[in-house]
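Asks: FYI, my numbering numbers position 159 of the sequence shown as 182, with every residue one higher than the one before it. Where a beta carbon is used, it is the ideal one built from N, C-alpha and C, also for glycine. Since this is a predicted model, take the numbers as computed values, not measurements. I have a structure I would like to understand better, so I am pasting it below and will then ask my questions one at a time.
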Amino acid sequence: MKKNKRLFMRTTILSILILLIGFTLYNSVLKKEAEGVELGETAPNFKLETIGGGDPVELSKLKGNVVLVNFWGTWCKPCKDEMPAIQKVYEQYKDDGFEVVAINMGQSEVQIEPFMTTLDINLPIALDKNNSVKDIYNVYRMPASFLIDRDGNVIKSFEGEMNIEMLDSWVADSL
Numbered sequence: 024m025k026k027n028k029r030l031f032m033r034t035t036i037l038s039i040l041i042l043l044i045g046f047t048l049y050n051s052v053l054k055k056e057a058e059g060v061e062l063g064e065t066a067p068n069f070k071l072e073t074i075g076g077g078d079p080v081e082l083s084k085l086k087g088n089v090v091l092v093n094f095w096g097t098w099c100k101p102c103k104d105e106m107p108a109i110q111k112v113y114e115q116y117k118d119d120g121f122e123v124v125a126i127n128m129g130q131s132e133v134q135i136e137p138f139m140t141t142l143d144i145n146l147p148i149a150l151d152k153n154n155s156v157k158d159i160y161n162v163y164r165m166p167a168s169f170l171i172d173r174d175g176n177v178i179k180s181f182e183g184e185m186n187i188e189m190l191d192s193w194v195a196d197s198l
């Protein structure tokens, strides 16, 4: 009986220690990674293929421009609804050093091209085929947008559909 009680106590103490170590590890390392991109931090670089076989887009090569990185999918209604606003603001400011990288998450060109044609969208479309960039930016809801300043720092982020007034304000204030 005494032996069972001692074994139970050791098991309990060991379990508590394992939980404490796990909790500490999560809070100090893993939780930081799960928080994604923070405002004011340098935007994580990426290099992705583009639709139509054009040159790959690499975020670091866009430094010196204000860049909107937008994560979207053709099946996402808010993404579809905000796309014309992004196109309009892009057309308005592209000659002033504004770039858009619309990152489609996990879909093929065959799925994307009819969507773009129907909406008359001609933004640069990058393909995140394996969702690696989505994971780096910690995107779990779409649409998700990040505005990056000329120095490569994230200055705004938003999950959900952006309207033209919000987007125009973001870009105009950043140029």
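In the structure shown, what three-state DSSP assignment does N154 receive?
Replies: Numbered from 1 along the sequence shown, position 131 holds the residue referred to as residue 154. Residue state, collapsed to three classes: coil.
Asks: What is the DSSP secondary structure of V80, reduced to helix, strand or coil?
Replies: Mapped onto the sequence shown, residue 80 falls at position 57. Reduced to three states, the DSSP call for V80 is strand.
Asks: Quick check: D143 and G129, are their CB atoms within less than 9 Å of each other?
Replies: Within the sequence shown, numbered from 1, the residue matching residue 143 stands at position 120. Within the sequence shown, numbered from 1, the residue matching residue 129 stands at position 106. Not closer than 9 Å, so no.
Asks: So, for F69: in the same chain, excluding its five sequence neighbours on each side, which residues have a beta-carbon less than 6 Å away from its beta-carbon?
Replies: Taking the sequence shown and counting its residues from 1, one reaches residue 69 at position 46. Taken in chain order, the residues that qualify are L82, V156.
Asks: Just the C-alpha distance for I148 and R33, rounded to the nearest angstrom, thanks.
Replies: For the purposes of this step, residue 148 is taken as the residue at position 125 of the sequence shown. For the purposes of this step, residue 33 is taken as the residue at position 10 of the sequence shown. If I take the Cα positions, the gap works out to 58 Å.
Asks: Looking only at its chain, what residues have a beta carbon closer than 7 Å to the beta carbon of N186, apart from the 5 residues adjacent to it on each side?
Replies: Counting from 1 along the sequence shown, the entry for residue 186 is found at position 163. If we look at N186 and ignore the five residues flanking it on each side, its Cβ neighbours are A108.
Asks: Could you pull the DSSP bridge partners for V89 from this structure?
Replies: As a working mapping, residue 89 is identified with position 66 in the sequence shown. According to DSSP, which records beta bridges pairwise, V89 is partnered with F121.
Asks: Could you name the residues of the same chain whose beta carbon sits closer than 6 Å to that of W193, not counting the 5 residues immediately before and after it, in chain order?
Replies: By 1-based counting over the sequence shown, the position of residue 193 is 170. L170, K179.
Asks: Given a cut-off of 9 Å, decide if I159 and P67 are closer than it, judged by their beta-carbon atoms.
Replies: Sequence index remark: in the sequence shown, residue 67 carries index 44 (1-based). Sequence index remark: in the sequence shown, residue 159 carries index 136 (1-based). Yes, these two residues count as a Cβ contact at 9 Å.
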